[in-house]
Amino acid sequence: MKIFGRFIAPAFILFLAFFLQYGIEPIGITQEELIAGLKKTGEVLFIMSITLTIIAIIRILKNQLLKNYDISLADNLKMRKVHTQYNILEKILIFIIIVIATAVALMLFDGVRNIGISLFASAGVAGIILGLSAQKALGTILAGLQIAITQPIRLDDVVIVENEWGWIEEINLTYVVIRLWDKRRLVVPTTYFLEKPFQNWTRTSADILGSVFIYTDYTMPFEPLRKELTRLLEATPLWDGKVNVLQVTDARENTIEIRALMSAATSPQAWDLRVYVREKLIEFIQHEYPQSLPRTRVVLPEARQK
Numbered sequence: 104m105k106i107f108g109r110f111i112a113p114a115f116i117l118f119l120a121f122f123l124q125y126g127i128e129p130i131g132i133t134q135e136e137l138i139a140g141l142k143k144t145g146e147v148l149f150i151m152s153i154t155l156t157i158i159a160i161i162r163i164l165k166n167q168l169l170k171n172y173d174i175s176l177a178d179n180l181k182m183r184k185v186h187t188q189y190n191i192l193e194k195i196l197i198f199i200i201i202v203i204a205t206a207v208a209l210m211l212f213d214g215v216r217n218i219g220i221s222l223f224a225s226a227g228v229a230g231i232i233l234g235l236s237a238q239k240a241l242g243t244i245l246a247g248l249q250i251a252i253t254q255p256i257r258l259d260d261v262v263i264v265e266n267e268w269g270w271i272e273e274i275n276l277t278y279v280v281i282r283l284w285d286k287r288r289l290v291v292p293t294t295y296f297l298e299k300p301f302q303n304w305t306r307t308s309a310d311i312l313g314s315v316f317i318y319t320d321y322t323m324p325f326e327p328l329r330k331e332l333t334r335l336l337e338a339t340p341l342w343d344g345k346v347n348v349l350q351v352t353d354a355r356e357n358t359i360e361i362r363a364l365m366s367a368a369t370s371p372q373a374w375d376l377r378v379y380v381r382e383k384l385i386e387f388i389q390h391e392y393p394q395s396l397p398r399t400r401v402v403l404p405e406a407r408q409k
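For what it's worth, my numbering labels the leading residue of the sequence shown as 104, then goes sequentially.
Here it is as structure tokens:
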């Protein structure tokens, strides 16, 4: 039923087109200029109906093809690659179809026929696009095509752009929508990902390493902390069972820096795992080794004996 719903609008427009072409004279309209104008409108509506029908077919075919590629799986690198290619290919085809339909519609009117004919010049539509690619708008569209081929980003990739951490939610011909961790949306032009550096955490794999830094006093024993980290990781489904490391990474004047390194299957799970481990390790130190919390020592000189 949902598939047939996509053809309701094209069918209605097609009905109007046929009515304006063949139904206006029987109802008593006799003015020639009015009849000519209504028939011309019917021709435009017919082109619009065909265009919408082709677009609906493209979208239906895309959705049917993507049913075999579930992007919600944990190991979804191949699925995200296919989704990205199909989505951008869909937008490119729709753009070309709209350009062709607009050109055909313009050729129906004598006053603007030259504009329509120019769209079908010897170089063709592709030649016009390439010829105008120096313009910013067309250059952005070509950047979208390049992203579809080279794929520096894919749908659902985890990226850091402009110091903002989030997921690639939409990839359009001219812009990309990034869903940030706090549910805001960051919209950037497609050219950004070809011209500026950015971080892609899931470029080759969805696996993510997470780190937690804890600062303690020099009296903190390390082996109990390692055992507690292992216990915490084994007790949570957020850990993928691959990486479990605790190391002293720095020694400062008053504290030592301890880094806990762990892995998760996806970036959201890695974020939750880091938060969980950080909270539990702090609680462990508070309850078991409160004397090893960061502290500042002050040594007073002995008072002189009188």
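For every residue, glycine included, the Cβ atom is placed at its ideal position computed from N, Cα and C.
Throw me the rounded Cβ distance for the E272 and V280 pair, which I believe falls under 8 Å. Residue 272 sits at position 169 when you count from the first residue of the sequence shown. Residue 280 sits at position 177 when you count from the first residue of the sequence shown. Yes, E272 and V280 are in contact; Cβ-Cβ is about 5 Å, under 8 Å.
Mind checking S225: buried by the 16 CB within 10 Å criterion, or exposed? Numbered from 1 along the sequence shown, position 122 holds the residue referred to as residue 225. Low confidence applies here, because S225 scores a pLDDT of 46, under 50, leaving its location unreliable; read the following figure in that light. By the neighbour-count rule (16 or more Cβ atoms within 10 Å), S225 is not buried but exposed.
Check whether the region 253 to 263 and the region 298 to 306 touch, using three or more Cβ-Cβ pairs below 8 Å as the test. yes
Do L141 and I116 have their C-beta atoms within less than 7 Å of each other? For the purposes of this step, residue 141 is taken as residue 38 along the sequence shown, with counting starting at 1. For the purposes of this step, residue 116 is taken as residue 13 along the sequence shown, with counting starting at 1. No, the pair does not count as a contact, with Cβ atoms beyond the cut-off.
Excluding five sequence neighbours on each side, which residues of the same chain lie with their C-beta closer than 6 Å to the C-beta of A237? On the sequence shown, position 134 is the one that residue 237 refers to. Any reading at A237 needs caution, since the residue's pLDDT is 46, under 50, leaving its predicted position unreliable; the model's value is listed next. Same-chain partners within the cutoff: there are none.
Whose CA, out of T307, S314, D353, A363, lies closest to the CA of E331? Here residue 331 refers to the residue found at position 228 when the sequence shown is read from its first residue. For E331, the nearest C-alpha among the options comes from A363.
Out of G344, R109, K286, N171, which one is the CA nearest neighbour of R156? As a working note, residue 156 is residue 53 in the sequence shown. In the sequence on display, residue 156 carries Thr and not Arg. Comparing Cα positions, the closest option is R109.
Starting from the Cα of R400, find the closest Cα among L341, N357, W342 and give me that residue. Numbered from 1 along the sequence shown, position 297 holds the residue referred to as residue 400. For R400, the nearest C-alpha among the options comes from N357.
Rounded to whole angstroms, what's the CA-CA distance from E298 to T307? Just pull it up for me. Here residue 298 corresponds to residue number 195 of the sequence shown, with the count starting at 1. Here residue 307 corresponds to residue number 204 of the sequence shown, with the count starting at 1. When rounded, the distance between both Cα atoms is 21 Å.
Contact belief for T339 with L376 at Cβ below 8 Å, rounded distance in angstroms: Within the sequence shown, the letter at position 236 stands for residue 339. Within the sequence shown, the letter at position 273 stands for residue 376. Right, their Cβ atoms sit about 7 Å apart.
Determine which residues share a DSSP beta bridge with Y278 and list them. On the sequence shown, residue 278 is found 175 positions in, with the first residue counted as 1. Answer is P292.
If I follow the unbroken alpha helix (DSSP H) through T333, where does it start and stop? For the purposes of this step, residue 333 is taken as residue 230 along the sequence shown, with counting starting at 1. Start and end: 325 to 337.
From R162 to S314, what distance separates their C-alpha atoms? Start at 1 with the first residue of the sequence shown, and residue 162 comes out as number 59. Start at 1 with the first residue of the sequence shown, and residue 314 comes out as number 211. Distance between the alpha carbons of R162 and S314: 42 Å.
Measuring straight from C-alpha to C-alpha, what distance separates T205 and K286? Numbered from 1 along the sequence shown, position 102 holds the residue referred to as residue 205. Numbered from 1 along the sequence shown, position 183 holds the residue referred to as residue 286. In a straight line, the C-alpha of T205 is about 38 Å away from that of K286.
For A237, name the three-state secondary structure that DSSP assigns. Your numbering for residue 237 matches position 134 in the sequence shown. In this predicted model, A237 has a pLDDT of only 46, less than 50, meaning its place in the structure is not dependable enough to derive any value.
Could you tell me which of H390, D310, P292, M151 sits nearest to Q323, measuring between CA atoms? Within the sequence shown, numbered from 1, the residue matching residue 323 stands at position 220. The displayed chain sequence assigns Met, not Gln, to residue 323. Nearest C-alpha to M323: H390.
Taking F387 as part of the alpha helix (DSSP H), name the residues at either end of that continuous run. Counted from its first residue, the sequence shown places residue 387 at position 284. That run of the alpha helix (DSSP H) goes 370 to 391.
Does DSSP put Q124 in a helix, in a strand, or in coil? For the purposes of this step, residue 124 is identified with residue 21 of the sequence shown, where counting begins at 1. Helix, per DSSP.
Beta carbon of E360, beta carbon of Y321: below 7 Å? Taking the first residue of the sequence shown as position 1, residue 360 is located at position 257. Taking the first residue of the sequence shown as position 1, residue 321 is located at position 218. No.
Three-state secondary structure (DSSP) at T187? Working through the sequence shown from its first residue, we reach residue 187 at position 84. T187 falls in the helix class under three-state DSSP.
What three-state label does DSSP hand R287 in the structure shown? On the sequence shown, position 184 is the one that residue 287 refers to. Note: R287 maps to coil in three-state DSSP.
What do you reckon, are the CB atoms on Y278 and V262 nearer than 7 Å? Taking the sequence shown and counting its residues from 1, the one referred to as residue 278 is at position 175. Taking the sequence shown and counting its residues from 1, the one referred to as residue 262 is at position 159. No, the pair does not count as a contact, with Cβ atoms beyond the cut-off.
L312: buried (16+ other C-beta within 10 angstroms of its C-beta) or exposed? Along the sequence shown, read from residue 1 onward, the residue named residue 312 stands at position 209. Exposed is the call here.
DSSP three-state assignment for F301, whether helix, strand or coil: For the purposes of this step, residue 301 is taken as residue 198 along the sequence shown, with counting starting at 1. Three-state DSSP puts F301 in coil, outside helix and strand.
Kindly indicate which three-state DSSP category F149 falls into: helix, strand or coil? As a position in the sequence shown, residue 149 is number 46, starting the count at 1. F149: helix per DSSP, three-state reduction.
Distance CB(I211)-CB(E146) smaller than 7 Å: The count along the sequence shown starts at 1 and reaches residue 211 at position 108. The count along the sequence shown starts at 1 and reaches residue 146 at position 43. The question names Ile, but residue 211 in the sequence shown is Leu. Yes, these two residues count as a Cβ contact at 7 Å.
Limits of the beta strand (DSSP E) - the one that E360 falls within: Position 257 of the sequence shown, counting from 1, holds the residue named residue 360. 359 to 367 is the span of the beta strand (DSSP E), which, as asked, contains E360.
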